[in-house]
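*Asks:* The structure that follows is given in the form of structure tokens.
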Amino acid sequence: MCGIVGYIGGKNAGDVIIDGLKRLEYRGYDSAGIAVISEGAIESRRSVGKLAELGKILRSKPLKGLTGIGHTRWATHGKPSEENAHPHTDCSGKIVVVHNGIIENYLELKKILASEGHKFKSETDTEVIAHLIEKNFKGDLFKAVLETLKTVKGAYALGVISSDDPDTVIGARQDAPLIVGLGNGENFLASDIPALLPYTRKMIFLEEGDVVKLNKDGVKVFSKDGREIKRETKNITWDAVQAEKGGYKHFMLKEIYEQPQTIQDTILGRLFIGEQKIYLEDVKIDDKKLNGLNKVYIVACGTSYHAGLVGKFLFENLVKVTAEVDIASEFRYRSPVLDKKTLTVVISQSGETADTIAALRLAKQSGSHTLAICNVVGSTVSREADDVLYTHCGPEIGVASTKAFTGQLAALYLITLDWAAKKGSIKKDEFVRLINEFWETPSRIREVLKADPQVAALAKEFSQKRDFLFLGRHVNYPIALEGALKLKEISYIHAEGYPAGEMKHGPIALIDENMPLFVVATKSAVYEKVLGNIEEAKARGGTVIALATAGDKEITAKTDGQIYLPEVDEFFAPLLTVIPLQLFAYHVAEVLGCDVDQPRNLAKSVTVE
Ligand code: F6R
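The opening position of the sequence shown corresponds to residue 330 in the working numbering, with each subsequent residue numbered one higher.
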């Protein structure tokens, strides 16, 4: 939520910052702003709306300067308006601040500062930071920031500059992500990796409580009490091109089409068909400890939670261990029974979701072994978990998660198949059969993607409906939830996902000619039951679109529309069945003229509670 970029070097700071902000716009897009130090004074431009609006202002009133900070906002305190857009200044206009997070004690601080004569211009929590730095400034910006951090409570990633200290950019991190990019004669600050990919691959991932001082020729990291500390520099292998649309109209469509590759990248070097073996390089838990575990908690939010629901089936069916799945914002506030014999699997694309981080910390404190499935190298979740298995999906820019979801599923299959083999909970020949099936997934997804034109035609036909039901059973029940979430978030159509067998217990009352149903009805042990559920819906006037297995003629006769998928072992079906639902949501949003990559009210990583 909210994206920050900072720059100091030989280039025009405004250009570098707006370019970086464009790559962070998925983090928030209700207003934006940039400030630079220009001929010894702060100059800033801010605007409501997307970055394109700020771009227009910058074209007519360009900024010139070699040091600057910028921000793209997802509003928390104060409505989207120019006054509330960052950067925020102190009374003198010499200090500017950008901030991602929430300052919890800002009202109390604001009251004190106002009584001391500070004049506030916005409704934001952030502005208090600018005034506190002003109050603490005695000629050294870094010291003033350190002093300020002693008084603020809450979460922050900060970027600060001052015309009184023009050769410095200060950054600080507490419970919100911030990275430093290292260049030649230039250095950068950013909320996330993609912002900096065109400029550098050398990055430092700041840790909680770090404060960083950037000059054009160097970077120093300190603890909040001013002690210099060493932080490792990581080389990022992501390609800048991966963070571009590459000829697709939207990132979401590109990311849907990337899935055969991203799954292959997640499996490659881990699944060895010839040796009939899985090798998970980063998962260090030893076999004795692993086999002593008696319960798995899977914790995540949103789409990642849906991946976790599939994970439950895999742990129970393959590893024969009890698995519970929790939404992170619930898990952290109840009293889960965690101990040394439990494994907590946290799933997060960004690795920065505030509730998931809190859940991870709770699990660690309770002695549970923690394993993260994460896409972003160096993110908080990946650094704090005992073990991490990275999904190799590359940057996911579309706000609606697609390739990260199937990457998470692939990681869950790897973990559960590996554990099952080690534990002996499945027979060797079954293990070999399953890994061979799994290996075929990328080529099967390529086949599924060929159905895109049919999905697009269905989307056109049904785009005017205002309500949708998505039904699935067993391992495809989470896919029904995911299909409904995708439709809701990018096309603003009301949609609900249900376990098909639960319909009779209430929701069936909703069915009429205005309530179409998407039913996952691929061949599986529950296929006949799903057919029964389809009959029940049809008998009540429902229009049914089925996701079915190629060659299934029975379903053609029983339903109003069909998307056929290649035959696959039911365990691996979710990796296939989710694809047409992602495409359906995409095409409906397109028909309705919705902003696919940046749906209203949302932001890519939810770094506030
Ligand atoms: C939906 C979506 C969100 C995220 C959720 C968790 O398309 O993207 O529901 O899945 O905010 O985010 P991560 O996985 O980054 O923790």
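We put the beta carbon where it would ideally sit given N, CA and C, even for glycine.
In three-state terms, what does DSSP make of F767?
*Replies:* It is helical.
*Asks:* Using the Cβ count rule (16 or more neighbours within 10 Å means buried), how would you classify L436?
*Replies:* Per the 10 Å Cβ criterion, exposed.
*Asks:* For Q678, is the beta carbon positioned less than 7 Å from some heavy atom of the ligand F6R?
*Replies:* Q678: yes, Cβ under 7 Å from the ligand F6R.
*Asks:* Going by the beta-carbon positions, is the gap between T851 and A877 smaller than 8 Å?
*Replies:* Yes, the Cβ-Cβ distance between T851 and A877 is below 8 Å.
*Asks:* Nearest-angstrom Cα distance between I702 and I366?
*Replies:* I702 and I366: Cα-Cα distance of roughly 41 Å.
*Asks:* Figure out for me which residue from V804, V907, E537, R599 has the closest Cα to the Cα of V777.
*Replies:* Comparing Cα positions, the closest option is V907.
*Asks:* Which term fits A809, buried or exposed, when burial requires 16 or more other beta carbons within 10 angstroms of its beta carbon?
*Replies:* Classification of A809: buried, given that the 10 Å Cβ count is 16 or more.
*Asks:* Between the alpha carbons of T651 and E433, how many angstroms are there, rounded?
*Replies:* About 39 Å.
*Asks:* If you follow the alpha helix (DSSP H) that Q503 is in, where does it begin and where does it stop?
*Replies:* That residue, Q503, is in no alpha helix (DSSP H); its beta strand (DSSP E) goes 498-503.
*Asks:* Just the C-alpha distance for T562 and K531, rounded to the nearest angstrom, thanks.
*Replies:* Those two C-alpha atoms are separated by around 6 Å.
*Asks:* Hey, how far is the Cα of L718 from the Cα of D611?
*Replies:* Each residue's Cα considered, the two are about 6 Å apart.
*Asks:* I need the DSSP call for Q891, collapsed to helix, strand or coil.
*Replies:* Three-state DSSP puts Q891 in a strand.
*Asks:* Among the candidates K545, W748, D554, whose CA atom is the shortest distance from the CA of I614?
*Replies:* Cα-wise, what sits closest to I614 is W748.
*Asks:* What is the C-beta distance between L511 and G500, in whole angstroms, given that I count them as a contact (C-beta under 8 Å)?
*Replies:* Their Cβ separation, rounded to whole angstroms, is 13 Å, which puts L511 and G500 out of contact at 8 Å.
*Asks:* Curious, which full-length beta strand (DSSP E) runs of at least 3 residues does the stretch 622-690 contain?
*Replies:* With a minimum length of 3 residues, the continuous beta strand (DSSP E) runs that stay inside the stretch 622-690 are 624-629, 651-656, 671-677.
*Asks:* Using DSSP with H/G/I as helix, E/B as strand and the rest coil, what is K757?
*Replies:* In this structure, K757 counts as helix in the three-state DSSP scheme.
*Asks:* Ordered along the chain, which non-local residues of its own chain (more than five positions away) have a Cβ less than 6 Å from that of L691?
*Replies:* If we look at L691 and ignore the five residues flanking it on each side, its Cβ neighbours are R661.
*Asks:* Classify L800 as helix, strand or coil using the three-state DSSP reduction.
*Replies:* Strand at L800.
*Asks:* Can you pull the DSSP bridge partners for G488?
*Replies:* Paired residues: V427, G500.
*Asks:* Name the DSSP beta bridge partners of N516, please?
*Replies:* DSSP, once it has assigned bridges, lists I337, L511 as partnering N516.
*Asks:* Using the Cα positions of D546 and A473, report the straight-line distance between them to the nearest angstrom.
*Replies:* In a straight line, the C-alpha of D546 is about 22 Å away from that of A473.
*Asks:* Please state the DSSP three-state secondary structure of P845.
*Replies:* Here P845 sits in coil by DSSP.
*Asks:* Quick check on the DSSP output: the beta strand (DSSP E) that includes G826 runs from which residue to which?
*Replies:* G826 -> beta strand (DSSP E) spans 823-828.
*Asks:* Considering V920, what are the terminal residues of the alpha helix (DSSP H) in which it resides?
*Replies:* That run of the alpha helix (DSSP H) goes 902-920.
*Asks:* Nearest CA to the CA of G861: which residue from T888, L738, G335, D715?
*Replies:* Measuring from the Cα of G861, the nearest candidate turns out to be T888.
*Asks:* In its own chain, which residues sit with a C-beta less than 6 Å from the C-beta of K693, not counting the 5 before and 5 after it?
*Replies:* So the list reads T699, once near-sequence residues are dropped.
*Asks:* Return yes when at least one heavy atom of the ligand F6R lies under 7 Å from the C-beta of T685, else no.
*Replies:* Yes - the ligand F6R has a heavy atom lying nearer than 7 Å to the Cβ of T685.
*Asks:* Can you tell me whether DSSP reads D747 as helix, strand or coil?
*Replies:* Here D747 sits in helix by DSSP.
*Asks:* Using the C-alpha atoms, what's the distance from I441 back to R381?
*Replies:* What sits at residue 381 in the sequence shown is Ala, not Arg. The alpha-carbon atoms of A381 and I441 are separated by roughly 37 Å.
*Asks:* Excluding five sequence neighbours on each side, which residues of the same chain lie with their C-beta closer than 7 Å to the C-beta of H579?
*Replies:* Cβ within range, chain order: G727, V925, D926.
*Asks:* If you reduce the DSSP assignment to three classes, tell me which class A932 lands in.
*Replies:* Here A932 sits in coil by DSSP.
*Asks:* The alpha helix (DSSP H) that contains N862, what's its start and end?
*Replies:* N862 -> alpha helix (DSSP H) spans 856-868.
*Asks:* So is L597 buried or exposed if we call it buried at 16+ other beta carbons inside 10 Å?
*Replies:* Exposed is the call here.
*Asks:* Is it the case that the CB of S658 approaches a heavy atom of the ligand F6R more closely than 7 Å?
*Replies:* Every heavy atom of the ligand F6R is 7 Å or more from the Cβ of S658, so no.
*Asks:* Please name the residue or residues paired with R530 in a DSSP beta bridge.
*Replies:* For R530, which the question treats as bridged, DSSP gives no partner whatsoever.
*Asks:* By the 10 Å Cβ neighbour count, where 16 or more other Cβ atoms means buried, how is R352 classified, buried or exposed?
*Replies:* It is buried - the Cβ of R352 has at least 16 other Cβ atoms within 10 Å.
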